[in-house]
Amino acid sequence: MNQENQKSSPLGEDLGGASSAIKILVIGRHPEILATVVRLVNNNPDWIATGCQTDDEAIQAFDEQAFAMVLLGGGIPPESETRLSAYFIGCNPHIRIVQHYGGGSGLLTAEIYEALR
1 MNQENQKSSP LGEDLGGASS AIKILVIGRH PEILATVVRL VNNNPDWIAT GCQTDDEAIQ
61 AFDEQAFAMV LLGGGIPPES ETRLSAYFIG CNPHIRIVQH YGGGSGLLTA EIYEALR
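Using our numbering, you'd call the opening residue of the sequence shown number 1 and step up by one each time.
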């Protein structure tokens, strides 16, 4: 289940918007938590999140868009984290990868800002 950024309607239509926004790939295994994290990231007008639940969806999204950051959420098995991180770094050695396991919107925002420094 690919959770597109806030510039998409529920039907997946492009609604236009901030092309200069920082694109963040959010990966998580729990649909409700993933949707919440995507929504929280998208509350910042400078960020656009795309959410993916599976490794294959995440790799496909990464190949199709120029992400500045990957946010690894809870529920991802260690072997998937290792595989995904190796793939993303292999494609883009400058990609920022952040592990986020919860803690509220304030912590999430701080983690993203820190990684973007």
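Backbone N, C-alpha and C fix where the C-beta goes; we use that ideal spot for every residue, glycine too.
When DSSP states are grouped into helix, strand and coil, residue 59 belongs to the helix group. Residue 50: member of the beta strand (DSSP E) spanning 47 to 52, first to last residue. The C-beta separation of residue 100 from residue 73 comes to about 6 Å, placing the pair in contact by the 8 Å criterion.
For residue 39, the secondary structure class from DSSP, reduced to helix, strand or coil, is helix. The three-state secondary structure of residue 89, taken from DSSP, is helix. If you ignore the 5 residues before and after residue 115, its C-beta comes within less than 7 Å of the C-beta of 69, 96, 98, all in its own chain and listed in chain order. For residue 112, the uninterrupted alpha helix (DSSP H) segment begins and ends at 105 to 116. Looking at the backbone, the Cα of residue 43 and that of residue 79 are separated by about 31 Å. Restricting attention to 38, 92, 39, the CA atom closest to the CA of residue 64 is found in 92.
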